[in-house]
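K.L.:
Just passing along the structure, written as structure tokens.
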């Protein structure tokens, strides 16, 4: 029997808020083309400072507004015939030839939300209205931080594979090697938000701290706080007091957006708390970003060559992943996740270790 590729059983386009562009990349008057969800879109900022997202092609003769389109007041202007479409509702407001706009002359708008320097848009396979919003990020600017260091990748994978990575603590010692044992995980869910507290004993080099400093121990204990908002956004914070009372605080904002059925775009934004010595802050940021990105690229090799098993042969240490999968069901169409489970050969029933805590028992149902 030929092997089944389980990645084909879950839609690559779950519901939720997704990154279209960074705020700084779309100043007033800018029209930026974007591909996401296998759609061609444009994001632009009108003269009142509000960001908007619409389908890319003009309803007149199909011209791509991201290539030559211009912002004019509260409208976007087609470069081919000059038709102007109001950003707030997509209606055509003016035809230079003096014709009355046809009723069909309307741009399809996407709900847009701007937060924390990110322009987000809402996706639903049936174009239903948003059912939740991304809330403010905790402690985003609780102290002076360095500038963001931004990095982007295009990855041949599905968003479900990437989003599960935070809950898969057992792969860190096996693949990355900066811990000897898996982190302890405290996972809490509330609607479209999922929060992790990871307690780990990490090698000092894990966050870019130079290993050659003689007075520093090899390992340190830390809590890593992760908040996921839907499957796109991850907010990762780490606050550690090093030996001698030296604070080392880091933040990473991750955004994963499906491009098409087989590729996602990943943005990582890193920064560290400022020190009194600017060159030291720069060194810390560079070391932290290098470490984090190197770790990510080890994961990318895995993601791009794995298949997605709806029914893994799970063990006790996989319980956080199973909890996370149960939470992610809400972002798929009703009944879709269950149909994907049924579409795969069930094989042997999945059984977690007998001593798995009772409050994780329902996690087993998430994989059948």
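In the numbering used here, the protein residues as written are 6 to 373.
The C-beta atom is built at its ideal place from N, Cα and C for all residues, glycine as well.
1. Measuring alpha carbon to alpha carbon, tell me which residue in 329, 270, 238 and 344 is nearest residue 43.
2. Would residue 83 pass as a contact of residue 98 if the rule is Cβ separation under 7 Å?
3. On the criterion of 16 or more Cβ atoms from any shown chain inside 10 Å, does residue 239 qualify as buried, or is it exposed?
4. Do the segment 83-95 and the segment 160-180 touch if we need at least three Cβ pairs shorter than 8 Å?
5. Is residue 307 buried or exposed, if buried means 16 or more other CB atoms sit within 10 Å of its CB?
6. Can you tell me where the alpha helix (DSSP H) with residue 346 in it begins and where it stops?
7. Please name the residue in 317, 235 and 268 whose C-alpha comes closest to that of residue 21.
8. Grouping DSSP H, G and I as helix and E and B as strand, with all else coil, what is residue 104?
9. Over what stretch of residues does the alpha helix (DSSP H) that includes residue 165 continue unbroken?
10. Could you name the residues that DSSP lists as bridge partners for residue 141?
11. With a CB to CB cut of under 7 Å and the five nearest residues on each side skipped, what residues in its chain are close to residue 202?
12. Considering only the alpha carbon of each residue, which of 315, 110, 176 and 264 lies closest to residue 26?
13. Looking at the structure shown, is residue 60 part of a helix, part of a strand, or coil, going by DSSP?
14. On a Cα-Cα basis, can you pick out the residue from 71, 176 and 51 that is closest to residue 320?
15. So if DSSP puts residue 194 in a beta bridge, which residue, or which two residues, is it bridged to?
16. Output the distance between the C-alpha atoms of residue 38 and residue 47, rounded to the nearest integer angstrom.
17. Excluding sequence positions up to five away, which residues of its chain have a Cβ less than 7 Å from the Cβ of residue 35?
18. Taking only runs of the beta strand (DSSP E) that begin and end inside the segment 74-121, which ones reach a length of at least 3 residues, in chain order?
19. Do the segment 298-313 and the segment 144-151 touch if we need at least three Cβ pairs shorter than 8 Å?
P.N.:
So, from the data block:
1. For the purposes of this step, residue 43 is taken as residue 38 along the chain shown, with counting starting at 1. Minimum Cα distance to residue 43 is reached at 270.
2. As a first step, residue 83 is located in the chain shown; it is residue number 78 there, counting from the start. As a first step, residue 98 is located in the chain shown; it is residue number 93 there, counting from the start. Contact: no.
3. Within the chain shown, the letter at position 234 stands for residue 239. Burial call: buried.
4. no
5. Residue 307 sits at position 302 when you count from the first residue of the chain shown. Under this definition residue 307 is an exposed residue.
6. What you label residue 346 is simply residue 341 of the chain shown in a count that begins at 1. Residue 346 -> alpha helix (DSSP H) spans 341-348.
7. What you label residue 21 is simply residue 16 of the chain shown in a count that begins at 1. Checking every option, the nearest Cα to that of residue 21 belongs to 235.
8. Here residue 104 corresponds to residue number 99 of the chain shown, with the count starting at 1. Coil, per DSSP.
9. Position 160 of the chain shown, counted from the start, is the residue given in the question as residue 165. Unbroken alpha helix (DSSP H) run through residue 165: 164-168.
10. The residue labelled residue 141 in the question sits at position 136 within the chain shown. Beta-bridge pairing links residue 141 to no other residue.
11. To locate residue 202, count along the chain shown from 1; it is residue 197. If we look at residue 202 and ignore the five residues flanking it on each side, its Cβ neighbours are 191, 228 and 230.
12. The sequence position of residue 26 within the chain shown is 21, counting from 1. Out of 315, 110, 176 and 264, 264 has the C-alpha closest to the C-alpha of residue 26.
13. Stepping through the chain shown from its first residue, residue 60 is reached at position 55. Here residue 60 sits in strand by DSSP.
14. The count along the chain shown starts at 1 and reaches residue 320 at position 315. It is 176.
15. Working through the chain shown from its first residue, we reach residue 194 at position 189. Paired residues: 199.
16. For the purposes of this step, residue 38 is taken as the residue at position 33 of the chain shown. For the purposes of this step, residue 47 is taken as the residue at position 42 of the chain shown. Looking at the two C-alpha atoms, the distance is approximately 4 Å.
17. Along the chain shown, one-based indexing puts residue 35 at 30. Cβ neighbours of residue 35 beyond the five flanking positions: 49 and 50.
18. 75-77, 80-82, 89-91, 97-99 and 117-120
19. no
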